[in-house]
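A.B. asks:
2 protein chains.
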Amino acid sequence: MKENLTQPIQDYLKHIYALSEAGTPATTTDLAARLGVAPASVTGMIQRLAGLQPPLVTYRKHQGALLTPAGKRAALEVIRHHRLLETYLVTMLGFSWDEVHEEACRLEHVISETFEERIASALGNPTHDPHGDPIPSAALEMPTDESTPLLGLRPPHSAVIMRVQATDPPFLRHLNNLGLIPGARVQALAFSPFDQNLQVRVNEGEAQIIGAAISAKIYVEEKG
Amino acid sequence: MKENLTQPIQDYLKHIYALSEAGTPATTTDLAARLGVAPASVTGMIQRLAGLQPPLVTYRKHQGALLTPAGKRAALEVIRHHRLLETYLVTMLGFSWDEVHEEACRLEHVISETFEERIASALGNPTHDPHGDPIPSAALEMPTDESTPLLGLRPPHSAVIMRVQATDPPFLRHLNNLGLIPGARVQALAFSPFDQNLQVRVNEGEAQIIGAAISAKIYVEEKG
DNA sequence: ACACTAATTTAGTCTAACCTAAATTATAAA
DNA sequence: TTTATAATTTAGGTTAGACTAAATTAGTGT
Ligand SMILES: [Mn+2]
Ligand SMILES: [Mn+2]
Ligand SMILES: [Mn+2]
Ligand SMILES: [Mn+2]
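Keeping their order, the protein sequence lines are chains A and B.
For the first sequence, our numbering assigns the number 1 to the initial residue and increments by one for each residue that follows.
For the second sequence, our numbering assigns the number 1001 to the initial residue and increments by one for each residue that follows.
Right, here's the structure in full:
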């Protein structure tokens, strides 16, 4: 139960969580790509995490890694820090939503539980961050998320953007320019099955066409 | 001019700055004590810092270390982070002055220049932190400090507390209980040369006697 | 000038986290 | 079923930053 996890370990756990959330183990290669690290380094770290007392991941050779309860708890703690920090930076310090990921990714490993609690209550215990990502509660319960990719929306349905799965600052700035941010209402006007282009109207604005590389990263819920 | 300094290096520089501020080189032993590290580790690190391009310290065997201009700049940058963070935690997040040192000592190494600038302007570009320590400006100029130890105040002079040189939480809580905080007015009522006890009145309160272990850590300026 | 002590440095290890190159294993196609 | 390709693991090596124990140096008192 001791909390001596290093920054690299916390980042591994965070990414294993994201990759294995659907139930399928996180693979060496995917982790390596996300962490910006050589696959061999991932194998080494996974074996170490599986050998800790208590183990943070379960692992069988060539089968990828899954979090143990202890590993999941540690991952959710870091994710809570990250998302609360992003929210605080945007809400209280005037950062824009494309500036906060990097900053939060460094701060998340060093803030105390006291700091976590203070910013959470300064923000009114928010449940979602500026990108619409759910923030685990203080008890580490992850809010449920029913949203689905905008890519799947078909005319004439409309929906509300709940979440944007992106960290790349230029991409986030582009989405912002298009009005494709959480809370925006999007109506599907046309879908082209061959190139997967989707024509949409955002918040009563002009019709525009967006490719799958964009619409797959935007998550919506059909409402109204 | 690259900013790849690790957290341990930044902490070394910060402590070398504090120890050599008066002009005398920082000794291996003093650094080891402050950093909570073995003397041999300090020697190794100092030699490394002196060998960097550009060098961050000058060093002659057995003579201790002094900061180079580059080293001083890096140290002041960290100190500015630390003291702005302490101020922010107290002013904006409701921390008490004994809680902030540890937190700031971790955060100081990971905040961006943007973050630094945002909290500085949210605070109105303060020049002193909650303990009265001067905060280097954005241009890394250290505000001058003319204060002297309360230990040197003699009856019937009185003075204002400018600064408290302490990081130990219980000690800081004790000072707070006695009202010995920056801004408080202190009048010397009696001094006992043998035990160095000083009898003082704080802000029109009851007379009290404080030992040298306390009065040497409190810095004052005679005013009025 | 000399020797003792305290401070400092050297030498030799250790661990975490990364790397590259080579070897191995799994999976999918022929 | 065999084989090719891709994924993964192993082997061997590096760097930063710490440690202990041993050797050396500086400074002080005689
Ligand atoms: Mn991170
Ligand atoms: Mn986010
Ligand atoms: Mn620090
Ligand atoms: Mn301070």
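Glycine included, each C-beta is placed from N, C-alpha and C at the ideal position.
When a residue counts only if its C-beta is closer than 5 angstroms to some heavy atom of ligand 3, which residues count, in chain order?
C.D. replies: That query returns the following residues: B/D1011, B/C1105.
A.B. asks: Just checking: is the beta-carbon of A/E103 within a distance shorter than 7 angstroms of some beta-carbon in chain B?
C.D. replies: Closer than 7 angstroms to some Cβ of chain B, the Cβ of A/E103 qualifies, so yes.
A.B. asks: Can you tell me the Cα-Cα spacing of B/V1200 and B/A1104, whole angstroms?
C.D. replies: Cα to Cα, B/V1200 sits roughly 32 angstroms from B/A1104.
A.B. asks: From the beta carbon of B/L1093, is the nearest beta carbon of chain A less than 7 angstroms away?
C.D. replies: Yes, B/L1093 lies at the interface with chain A (some Cβ there is under 7 angstroms from its Cβ).
A.B. asks: Can you check which of these residues, B/K1014, B/G1205, B/P1169, is closest to B/R1083 by C-alpha distance?
C.D. replies: Of the listed residues, the one whose Cα sits closest to B/R1083 is B/K1014.
A.B. asks: How would you list, in chain order, the residues of chain B whose beta-carbon sits under 7 angstroms from the beta-carbon of A/S112?
C.D. replies: Those within 7 angstroms of A/S112 in chain B are E1103.
A.B. asks: Specify the secondary structure class of A/M1 as computed by DSSP and reduced to three states.
C.D. replies: With a pLDDT of only 44 at A/M1, under the threshold of 50, the placement of this residue in the model should not be trusted; the figure read from the coordinates follows. Of the three classes helix, strand and coil, the one that applies to A/M1 here is coil, per DSSP.
A.B. asks: Tell me which residues share the same chain as B/K1223 and place their Cβ nearer than 7 angstroms to its Cβ, disregarding the 5 neighbours each side in the sequence.
C.D. replies: Once the five neighbours on either side are set aside, the close Cβ partners of B/K1223 are A1159, V1160.
A.B. asks: I'd like the list of long-range same chain contacts for A/S215, defined as Cβ closer than 7 angstroms, with 5 residues on each side in sequence excluded.
C.D. replies: Around A/S215: P149, L150, L151, L198.
A.B. asks: Of the residues that make up the region 114-147 of chain A, which ones have a beta carbon closer than 8 angstroms to any beta carbon in chain B?
C.D. replies: Residues T114, F115, R118, I119, A122.
A.B. asks: When the distance is taken between beta carbons, is B/A1032 closer than 7 angstroms to B/P1231?
C.D. replies: With chain B covering 1001 to 1224 only, the question about residue 1231 of chain B has no answer from this structure.
A.B. asks: Measure the C-alpha to C-alpha separation of A/R73 and B/S1020 and round it to an integer number of angstroms.
C.D. replies: Roughly 45 angstroms separates the two Cα atoms.
A.B. asks: For B/Y1012, does the count of other Cβ atoms within 10 angstroms reach 16, so buried, or fall short, so exposed?
C.D. replies: Buried: at least 16 other Cβ atoms inside 10 Å.
A.B. asks: Does the count of Cβ pairs from the region 105-120 of chain A and the region 174-190 of chain A closer than 8 angstroms reach three?
C.D. replies: With the cut-off at 8 angstroms, the region 105-120 of chain A and the region 174-190 of chain A do not touch.
A.B. asks: If we ignore side chains and look at the alpha-carbon of each, how far apart do A/H157 and A/R106 end up?
C.D. replies: So the alpha carbons of these two residues sit roughly 40 angstroms apart.
A.B. asks: Could you check where the alpha helix (DSSP H) with B/I1119 kicks off and where it finishes?
C.D. replies: Start and end: 1113-1122.
A.B. asks: Identify the contact partners of A/E99 in chain B, using a Cβ-Cβ distance below 8 angstroms as the criterion.
C.D. replies: Those are T1114, listed as they occur along chain B.
A.B. asks: On the CB-based measure, 16 or more other CB atoms within 10 Å of its CB, does B/S1147 come out buried or exposed?
C.D. replies: It is buried - the Cβ of B/S1147 has at least 16 other Cβ atoms within 10 Å.
A.B. asks: Is there at least one Cβ from chain A nearer than 7 angstroms to B/L1107's Cβ?
C.D. replies: Chain A contact via Cβ: present.
A.B. asks: Going by DSSP in three states, B/A1038 sits in which element: helix, strand or coil?
C.D. replies: It is coil, neither helix nor strand.
A.B. asks: Among the residues of its own chain, which have a CB less than 8 angstroms from the CB of A/T68, if the five just before and after it don't count?
C.D. replies: Correct list, in chain order: P54, P55, L56, V57, T58.
A.B. asks: When you compare each of B/A1022, B/L1035, B/Q1010 to B/L1049 by their alpha carbons, which one comes out closest?
C.D. replies: Selected option, being the one with the closest Cα: B/Q1010.
A.B. asks: Could you tell me how far apart the beta carbons of B/E1077 and B/L1172 are, in whole angstroms, since I believe they sit closer than 8 angstroms?
C.D. replies: About 25 angstroms; that fails the 8 angstroms criterion.
A.B. asks: Helix, strand or coil for B/E1077 per DSSP?
C.D. replies: Three-state DSSP puts B/E1077 in a helix.
A.B. asks: Quick check on A/P126: does DSSP put it in helix, strand or coil?
C.D. replies: DSSP places A/P126 in coil when its eight states are reduced to three.
A.B. asks: What residues sit near ligand 4, counting only those whose C-beta is closer than 6 angstroms to one of its heavy atoms, in chain order?
C.D. replies: That query returns the following residues: B/R1083, B/E1086, B/D1129, B/H1131, B/D1133.
A.B. asks: What is the residue span of the beta strand (DSSP E) that B/V1057 lies within?
C.D. replies: First-last of the beta strand (DSSP E) with B/V1057: 1057-1059.
A.B. asks: So for B/F1194, helix, strand or coil by DSSP?
C.D. replies: Reduced to three states, the DSSP call for B/F1194 is coil.
A.B. asks: Measure the CB-CB distance between B/M1162 and B/Y1219 and report whether it falls below 7 angstroms.
C.D. replies: Yes, these two residues count as a Cβ contact at 7 angstroms.
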